[in-house]
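Chemist: Have a look at this one before I ask anything.
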Amino acid sequence: MYSQISVSGEDAQSFLQGQLTQDLDLVTSGHSPLAGWCTPQGRVVAVMRLLLLPGGFGLVMPTAIVHDVIDGLSIYKLRARVSLKPSGERWRAQAIANSTDIELLNARHLMPPAERNASCHADGIHVVCPSVEKDYLEVYGEDAAFSIAGLDFVKPLSNDDWQASRISHGITDIVPATSGKFTPHMLNMDKLGALSFDKGCYTGQEIVARTQHLGSVKRRVSRFRAAAPVAIGDSVSLDGTTVGEIVAAAEHEVLAVLPVALQQVGLHAAEIALEPC
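Using numbering that gives the first Met the number 0, you'd call the opening residue of the sequence shown number 0 and step up by one each time.
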């Protein structure tokens, strides 16, 4: 479901600072924020979780877009002393919400505070708290690190449950079908703390900054519950007129980008009713 791109080398931080929407100075062992990588036109190619690694950074994102992101970032490397490598099959991403599994992390001293994007790291394991509710935790690392730490979870979240949890907190996972289609503000990345307006230039920064300074975003992502399963890419309609698009879906949890003024009842996707959350 998720994989990691390891970015290392003498210029790793400065390289990413010129590419991602997040300020790399804010990525620490205790803080693992979200970030985006955009086209020069300010459209989001990927949304990722940033991890601080020995000698570099980890970019965690859906497996389906990893190689496209590596290929795209490599175009900008030029003479930068930086290496971009995908995680192998022995790298693992899991999410937990079960009290027994959470207590296991606590017993291993791997419990981040209940703060959005808080993280803790020890012996190759990263644990991230995506929200202040702390209703689920994300755990990343190599299989060997899981084994050494004795992290054998009783009931990790299924892929659908994990995706539904992320959707419930407004996090949009970009996949090939949605890559390069939406601006960061359309995906509420400004509200998720995934944009920095204080650092220097990065790819797409001019468009992102202009949107922020204008102070008006006509289309944004909104959360709905679907009466039946819908799919990413399905059109959202109101009275038979297409007004938006599904950008994330798991079970009955849905995120759709549509005009702010139309985030209301009476919407449908593939003739299935969408109820605002």
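Don't be surprised by glycine CBs; every beta carbon is placed ideally from N, CA and C. This structure is a prediction, so every number in the text was calculated from the model and none was measured.
So who's on the other strand from W36, going by DSSP bridges?
Modeler: Numbered from its first residue, the sequence shown carries residue 36 at position 37. According to DSSP, W36 bridges with L19, A45.
Chemist: R222 lies in the beta strand (DSSP E); which residues open and close that run?
Modeler: By one-based count along the sequence shown, residue 222 stands at place 223. 218-225 is the extent of the beta strand (DSSP E) around R222.
Chemist: Assuming A34 contacts A193 under a Cβ cut-off of 8 angstroms, what Cβ separation, rounded to an integer in Å, is found between them?
Modeler: For the purposes of this step, residue 34 is taken as the residue at position 35 of the sequence shown. For the purposes of this step, residue 193 is taken as the residue at position 194 of the sequence shown. Correct: roughly 6 angstroms between the Cβ atoms.
Chemist: Report the three-state DSSP secondary structure of G29 (helix, strand or coil).
Modeler: Counting from one through the sequence shown, the residue named residue 29 turns up at place 30. Three-state result, G29: coil.
Chemist: Following the continuous alpha helix (DSSP H) through V207, name the residue where it begins and the one where it ends.
Modeler: Walking along the sequence shown from the start, residue 207 turns up at place 208. From DSSP, the alpha helix (DSSP H) with V207 extends over 204-213.
Chemist: Identify the continuous alpha helix (DSSP H) that holds A278 and give its terminal residues.
Modeler: The requested residue 278 does not occur in the structure, where the chain is confined to residues 0 to 276.
Chemist: Using 10 angstroms around the beta-carbon of H212, count the other beta-carbons present and answer buried if the total reaches 16, otherwise exposed.
Modeler: Translated into the one-based positions of the sequence shown, residue 212 becomes position 213. H212 should be labelled exposed.
Chemist: Let me confirm a value: P258 is counted as buried when at least 16 other C-beta atoms fall within 10 Å, else exposed. Which label applies?
Modeler: Reading the sequence shown from its first residue, position 259 is the one you call residue 258. It is exposed - the Cβ of P258 has fewer than 16 other Cβ atoms within 10 Å.
Chemist: With DSSP as the reference, identify every bridge partner of K84, one or two as the case may be.
Modeler: On the sequence shown, position 85 is the one that residue 84 refers to. BP columns for K84 point to S5.
Chemist: Just to confirm, is the Cβ distance from A248 to I231 under 8 angstroms?
Modeler: Looking up residue 248 in the sequence shown gives position 249. Looking up residue 231 in the sequence shown gives position 232. Yes, the Cβ-Cβ distance between A248 and I231 is below 8 angstroms.
Chemist: Between which two residues does the alpha helix (DSSP H) containing V65 stretch?
Modeler: Position 66 of the sequence shown holds residue 65. Looking at the DSSP string, the run of the alpha helix (DSSP H) that includes V65 is 65-73.
Chemist: DSSP on R165, reduced to helix/strand/coil?
Modeler: Stepping through the sequence shown from its first residue, residue 165 is reached at position 166. Three-state result, R165: helix.
Chemist: By Cβ distance below 8 angstroms, which residues in the same chain neighbour D122 in space, the five residues on each side in sequence not counted?
Modeler: One-based indexing of the sequence shown puts residue 122 at position 123. Taken in chain order, the residues that qualify are A144, I147, A148.
Chemist: Are L49 and P32 closer than 8 angstroms when you measure CB to CB?
Modeler: Mapped onto the sequence shown, residue 49 falls at position 50. Mapped onto the sequence shown, residue 32 falls at position 33. For L49 and P32, yes; Cβs fall inside 8 angstroms.
Chemist: Ordered along the chain, which non-local residues of its own chain (more than five positions away) have a Cβ less than 6 angstroms from that of R89?
Modeler: Within the sequence shown, the letter at position 90 stands for residue 89. E141, D142.
Chemist: Does DSSP put F145 in a helix, in a strand, or in coil?
Modeler: Here residue 145 is taken as the residue at index 146 of the sequence shown, counted from 1. Helix.
Chemist: List the DSSP bridge partners of L136.
Modeler: Residue numbering aside, residue 136 sits at position 137 when the sequence shown is read from its first letter. DSSP output for L136 lists I95 as bridge partner(s).
Chemist: Could you pull the start and end residues of the beta strand (DSSP E) that C128 belongs to?
Modeler: What you label residue 128 is simply residue 129 of the sequence shown in a count that begins at 1. Element bounds for C128: 124-128.
Chemist: Quick one: using the 10 Å Cβ neighbour count with 16 as the cut-off for buried, is R209 buried or exposed?
Modeler: For this step, residue 209 is matched to residue 210 along the sequence shown. R209 is exposed by the Cβ-count criterion.
Chemist: Taking a contact to mean a Cβ-Cβ separation below 8 angstroms, would you say V127 touches G55 in this structure?
Modeler: Taking the first residue of the sequence shown as position 1, residue 127 is located at position 128. Taking the first residue of the sequence shown as position 1, residue 55 is located at position 56. Contact flag unset, no.
Chemist: Using 8 angstroms for Cβ pairs, my map puts V153 next to T99. What's the rounded Cβ distance?
Modeler: Within the sequence shown, the letter at position 154 stands for residue 153. Within the sequence shown, the letter at position 100 stands for residue 99. Right, the Cβ-Cβ distance comes to about 5 angstroms (below 8 angstroms), so this counts as a contact.
Chemist: What does L261 pair with, by DSSP beta-bridge criteria?
Modeler: Indexing the sequence shown from 1 puts residue 261 at position 262. For L261, which the question treats as bridged, DSSP gives no partner whatsoever.
Chemist: Per DSSP, which residues does F56 bridge with? Please list them.
Modeler: Counted from its first residue, the sequence shown places residue 56 at position 57. Answer is V6, L51, bridged to F56.
Chemist: Grab me the residues of T202's own chain with a C-beta within less than 8 angstroms of its C-beta, minus the 5 sequence neighbours each way, in chain order.
Modeler: One-based indexing of the sequence shown puts residue 202 at position 203. Result list for T202: G17, Q18, W36, C37, T38, P39, Y75, in chain order.
Chemist: Can you check DSSP and say which residues form a bridge with H267?
Modeler: For the purposes of this step, residue 267 is taken as the residue at position 268 of the sequence shown. Looking at the DSSP assignment, H267 forms a beta bridge with S236, A272.
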